[in-house]
Amino acid sequence: MKCGGMPNQHDHTASAGQMVGTRSQVSNHSAAGPTSAEGATSVEVVERIEATPESVLHAAPLRAAQPLLGEKRSGKLIISKEDLEQYVKGQYMDAASDTPLGSPGYVPHPDLPKTPFDTSPPRLCEIREALWKARSGSAPGPNSPPYKMYKNCPQVTKIVWNLIRVVWKKKSIPAEWKEAVGIFIPKEQNSTAIRSSRALPC
1 MKCGGMPNQH
11 DHTASAGQMV
21 GTRSQVSNHS
31 AAGPTSAEGA
41 TSVEVVERIE
51 ATPESVLHAA
61 PLRAAQPLLG
71 EKRSGKLIIS
81 KEDLEQYVKG
91 QYMDAASDTP
101 LGSPGYVPHP
111 DLPKTPFDTS
121 PPRLCEIREA
131 LWKARSGSAP
141 GPNSPPYKMY
151 KNCPQVTKIV
161 WNLIRVVWKK
171 KSIPAEWKEA
181 VGIFIPKEQN
191 STAIRSSRAL
201 PC
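The structure is reproduced here in structure tokens:
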């Protein structure tokens, strides 16, 4: 696998013209009624976007549009530790995950691949590409270092690469890498139930 150049961090950023250009599409649905928690119509929402300075939309279009389009959310999760653990297990664990599925019988057996699958450990350039594709503003893991550090410190990237190579060869994932920390944020106003909350990794 060849490694290309570092991707542009702004490749996935929508332009202000794309956002403002949605007026004709949104206006067609103005008769549908309110589209936000404040009861604003589709036309009013578009007018708010157009009133936003173009420089702000160019710099961070998604962040600028979020307060204009997003609904109000509030509340605090009320749940016991036991019920929360049971909910998390039901959402993210599968008791039969280690059980082989087997063949259903009606699926034809494919031919052996002509090109051998590359099972060699990841290359350093592949690790660098994966890090550069990650958003610098993403929340860091339990060990706290942000993506920006990995992107700007080549020696740190090499340390991570060496760790991944050891894990790859031993075929054993460290227990710390299987842990995750998250918080539950409300999806609507006055949310108190787990069903009206969304898990956000942090």
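In my numbering, the protein residues as written are 1 to 202. Heads up, the beta-carbon is just placed ideally off N, CA and C, and yes, glycines get one too.
DSSP bridge partner residues for residue i (one or two, in chain order)
i	result
F184	A199
G141	Paired residues: none, contrary to the question.
G102	G102 pairs with nothing; no bridge assigned.
S191	G75
Where the alpha helix (DSSP H) through residue i begins and ends
i	result
K133	L124 to K133
I164	P154 to K170
Helix, strand or coil at residue i [DSSP, three-state]
i	result
G90	helix
S27	Reliability fails at S27, whose pLDDT of 39 lies under 50, so the model's placement of it is uncertain and no value is given.
P61	helix
K81	helix
K151	helix
K114	coil
A96	coil
Q18	Its pLDDT being 42, under 50, Q18 is placed unreliably in this model, and the value from its coordinates should be taken loosely. Of the three classes helix, strand and coil, the one that applies to Q18 here is helix, per DSSP.
Nearest candidate by alpha-carbon position, reference residue i, set the options
i	options	result
A199	Q189, V181 and K72	V181
W168	S120, C153 and H58	S120
S136	E126, C125, Y150 and R123	Y150
A193	V88, K76 and S103	K76
W177	E129, P142 and H109	P142
S144	V166, P201, M93 and E85	P201
I183	R63, H58 and L84	L84
S138	V156, K148 and L101	K148
Contacting residues, own chain, Cβ-Cβ under 8 Å from residue i (five flanking each side not counted)
i	result
S172	none
E188	E71, R73, G75 and S196
Proximity test, residue i beta-carbon vs the ligand NAD heavy atom, cut-off 7 Å
i	result
R73	Of ligands this structure carries none, so the ligand NAD is not represented either.
6 Å Cβ shell around residue i - same chain, five flanking residues per side excluded
i	result
I185	R198 and L200
Own chain, CB closer than 7 Å to residue i, minus 5 neighbours either side, in chain order
i	result
N190	S74 and G75
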